[in-house]
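Novice:
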Amino acid sequence: MEKNVSIQQLTEEKEIQKKGAICLQNCTYSIVHEVAMTMGMHIVKPEGSWDLWWCTTPMDFKKAKTLKKYQKTNHFLGMSEICRKDSLARNLNTMSNSFRDDYNFYPMTWYLPSDYIKFQTYVNQHKSATYILKPTTGSRGTGIYITKSPKKINQYEQMICQLYISKPLLLDGYKFDMRVYTLIASCDPLKIYVYNDGLVRLATEPYVTPTHDNVNDRFMHLTNYSVNKCNKMYIDNELFGSKRRITALADWLHSEGYDVKKIWNEIDDVIIKTMILAYPFVNRSYQSCFSGHKYTPPCFEILGFDILLDENCKPYLLEVNHSPDFHTDTSTDKIVKRELLIDTFRLLQLNKTLKKFVSGEDKWKIQQQTIKADKNV
Numbered sequence: 001m002e003k004n005v006s007i008q009q010l011t012e013e014k015e016i017q018k019k020g021a022i023c024l025q026n027c028t029y030s031i032v033h034e035v036a037m038t039m040g041m042h043i044v045k046p047e048g049s050w051d052l053w054w055c056t057t058p059m060d061f062k063k064a065k066t067l068k069k070y071q072k073t074n075h076f077l078g079m080s081e082i083c084r085k086d087s088l089a090r091n092l093n094t095m096s097n098s099f100r101d102d103y104n105f106y107p108m109t110w111y112l113p114s115d116y117i118k119f120q121t122y123v124n125q126h127k128s129a130t131y132i133l134k135p136t137t138g139s140r141g142t143g144i145y146i147t148k149s150p151k152k153i154n155q156y157e158q159m160i161c162q163l164y165i166s167k168p169l170l171l172d173g174y175k176f177d178m179r180v181y182t183l184i185a186s187c188d189p190l191k192i193y194v195y196n197d198g199l200v201r202l203a204t205e206p207y208v209t210p211t212h213d214n215v216n217d218r219f220m221h222l223t224n225y226s227v228n229k230c231n232k233m234y235i236d237n238e239l240f241g242s243k244r245r246i247t248a249l250a251d252w253l254h255s256e257g258y259d260v261k262k263i264w265n266e267i268d269d270v271i272i273k274t275m276i277l278a279y280p281f282v283n284r285s286y287q288s289c290f291s292g293h294k295y296t297p298p299c300f301e302i303l304g305f306d307i308l309l310d311e312n313c314k315p316y317l318l319e320v321n322h323s324p325d326f327h328t329d330t331s332t333d334k335i336v337k338r339e340l341l342i343d344t345f346r347l348l349q350l351n352k353t354l355k356k357f358v359s360g361e362d363k364w365k366i367q368q369q370t371i372k373a374d375k376n377v
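Just so we're aligned, residue 1 is where the sequence shown starts under full-length UniProt numbering, counting upward by one.
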């Protein structure tokens, strides 16, 4: 039976072919779906013809090598060297040993159990210090605890132990940190963009210097949203709540007389120096997988740098997230993350396809090779 196709259907099919196609099979965030549609992209299944593979966790080395020259993915291989807490600690400590003045932007850190003897040496010399312990691969505040009793720490458990910054800058009397979004636009050459907005996450109990009596108050000492949203004191308000925008923080800092430009220059410095740690590993994987991808960078990545300011506004790196949370539980989340994604899509032109151009180039090369071969016969 002959199939009748209307002019409207043909027009729609041609329009679809002009759009970039995105596969979101392994992406759990609705905001990414929404932005992709807003940018005019066509959402396809894994077996379809896609231009962009957006996933929550990085694809493996084997799959990465199968990317066609017009395809992209939103993760680099090798970024775990700064996104795993244990790897970040090891790399920062290594650089600090050689460049102490340049790599002094993170709290003193020990990787247990291997650094336990060094840790005990420090403890013996600093009797009143406070420490924060984190699982090596944990997230959302799970398994984190604070102690002033280092003898109670299990020396055989795999943990990251850090000197606790006991005098943080306070916002309205609360401890806070910043989620600074950073786009790694390409690896060869390395291009880094720091987003001019982000999230400020506040604790939900007024801050008091740690004591043996209050170290277990997670709502005072931890700024993780996943922890503090469970507190009845959590406030959902963009201007005065427990989660705010970095632009609002910048306005407050300026009103309090702080040098906002200096603070951001120092944060940029932290991000660049941290990326230097990852670059050899990322570039090695990149060259192994994508040496023939010259038309468009096959990888990009949005990282979440968690930064804490001390009472003197010195920025400290707490950790780096390779899959920062894109859930939109609050209005602040929705605004910041939507604008971040739209700006990323526009900057990298993710909604456009190079499929026809690359295919045409490859065909032209094949034709040229055929002509040369014929001439040599």
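Just so you know, even glycine gets a beta-carbon here, dropped at the ideal spot from N, CA and C.
To which residues of the same chain is K334 closer than 8 Å at the C-beta, ignoring the five residues directly before and after it?
Specialist: Excluding sequence neighbours, K334 sits near I31, T328.
Novice: Indicate the three-state DSSP secondary structure (helix, strand or coil) for K19 in the structure shown.
Specialist: It is coil, neither helix nor strand.
Novice: Could you tell me which residues DSSP pairs with L199 in its beta bridges?
Specialist: Paired residues: R179, R245.
Novice: What did DSSP end up calling M108 once you bin it into helix, strand or coil?
Specialist: Note: M108 maps to coil in three-state DSSP.
Novice: Shorter than 8 Å, the distance from the beta carbon of I184 to the closest heavy atom of the ligand HEM, or not?
Specialist: The ligand HEM is not among the ligands present in this structure, which contains no ligands whatsoever.
Novice: For the candidate residues T28, K19, V35, whose alpha-carbon lies nearest to that of D343?
Specialist: Cα-wise, what sits closest to D343 is V35.
Novice: From R84, T28, C55, T136, pick the residue whose C-alpha is nearest to that of A278; which is it?
Specialist: Of the candidates R84, T28, C55, T136, the one whose C-alpha sits nearest the C-alpha of A278 is R84.
Novice: Between which two residues does the beta strand (DSSP E) containing H42 stretch?
Specialist: Residues 42-44.
Novice: For my contact list, V215 and T142 are in at a C-beta cut-off of 8 Å; report their separation, rounded to the angstrom.
Specialist: Contact flag wrong, Cβ pair sits at about 18 Å.
Novice: Which partner residues does T147 have in the DSSP bridge list?
Specialist: Y131.
Novice: Find out if the Cβ-Cβ distance for the pair Y225, D306 is shorter than 9 Å.
Specialist: No, Cβ-Cβ distance for Y225 and D306 is not below 9 Å.
Novice: From which residue to which residue does the alpha helix (DSSP H) around Y234 run?
Specialist: Run containing Y234: none; DSSP gives neither H nor E here.
Novice: If you count every other CB in all the chains shown that lies within 10 Å of the CB of M233, and 16 or more means buried, which is it?
Specialist: M233 should be labelled exposed.
Novice: Could you round the C-beta distance between Y286 and I165 to whole angstroms and report it? I think they count as a contact, below 8 Å.
Specialist: In fact, because the Cβ distance is near 35 Å, the residues do not count as touching under 8 Å.
Novice: So, under 8 Å CB-CB, residue 387 and T73 are touching, yes? Tell me the CB distance rounded to an integer number of Å.
Specialist: Summary: the structure shown does not reach residue 387, with the chain confined to residues 1 through 377, and so no result is reported for it.
Novice: Is it buried or exposed for H254, if we count other Cβ within 10 angstroms and need 16 for buried?
Specialist: Counting Cβ neighbours within 10 Å, H254 comes out exposed, since fewer than 16 surround it.
Novice: Grab me the residues of G292's own chain with a C-beta within less than 7 Å of its C-beta, minus the 5 sequence neighbours each way, in chain order.
Specialist: Taken in chain order, the residues that qualify are K69.
Novice: Identify the continuous alpha helix (DSSP H) that holds F119 and give its terminal residues.
Specialist: Note, F119: alpha helix (DSSP H), 116-125.
Novice: Locate the beta strand (DSSP E) running through C161, then write down its first and last residues.
Specialist: Where C161 is concerned, the enclosing beta strand (DSSP E) stretches over 159-163.
Novice: May I have the straight-line CA-CA distance separating F281 from G198, to the nearest angstrom?
Specialist: So the two alpha carbons sit approximately 27 Å from each other.
Novice: Let me know the beta strand (DSSP E) ranges lying completely inside the stretch 211-296, each 3 residues or longer, listed in chain order.
Specialist: With a minimum length of 3 residues, the continuous beta strand (DSSP E) runs that stay inside the stretch 211-296 are 243-245.
Novice: Are F105 and C161 touching if we call contact CB-CB under 9 Å?
Specialist: No; because the gap between Cβ atoms is not below 9 Å, this pair is not in contact.
Novice: Between which two residues does the beta strand (DSSP E) containing L303 stretch?
Specialist: Per DSSP, L303 belongs to the beta strand (DSSP E) from 301-309.
Novice: Going by the DSSP bridge assignment, what does W53 pair with across the sheet?
Specialist: W53 pairs with C23, T73.
Novice: Please name the residue in L318, I271, Y195, Q155 whose C-alpha comes closest to that of L222.
Specialist: The candidate whose alpha carbon is nearest that of L222 is L318.
Novice: By the three-class DSSP mapping on this structure, what secondary structure does K191 have?
Specialist: It is a strand residue.
Novice: Count the other CB atoms within 10 Å of the CB of L347; is the residue buried (16 or more) or exposed (fewer)?
Specialist: Looking at its Cβ environment, which holds fewer than 16 other Cβ atoms inside 10 Å, L347 is exposed.
Novice: Looking at L112: is its Cβ nearer than 9 Å to the Cβ of E157?
Specialist: The answer is yes: Cβ separation under 9 Å.
Novice: So what's N312 in DSSP terms, helix, strand or just coil?
Specialist: If DSSP states are grouped into helix, strand and coil, N312 belongs with coil.
Novice: Once DSSP output is grouped into helix, strand and coil, what is the label at S186?
Specialist: Residue state, collapsed to three classes: strand.
Novice: Can you grab the Cα-Cα spacing for the pair K337 / T330, in whole Å?
Specialist: The straight-line gap from Cα to Cα measures roughly 11 Å.
Novice: Taking I335 as part of the alpha helix (DSSP H), name the residues at either end of that continuous run.
Specialist: Taken as a continuous stretch (DSSP letters only), the alpha helix (DSSP H) holding I335 covers 331-348.
Novice: In terms of residues, what are the limits of the alpha helix (DSSP H) holding F326?
Specialist: Per DSSP, F326 belongs to no alpha helix (DSSP H) and is neither H nor E.
Novice: Quick test of your reading: F61 and L77, contact by CB under 8 Å. State the CB separation rounded to the nearest angstrom.
Specialist: Between L77 and F61 the Cβ distance is about 6 Å, and since that is below 8 Å, they are a contact.
Novice: How many angstroms separate the CA atom of F345 from the CA atom of T204?
Specialist: Looking at the two C-alpha atoms, the distance is approximately 34 Å.
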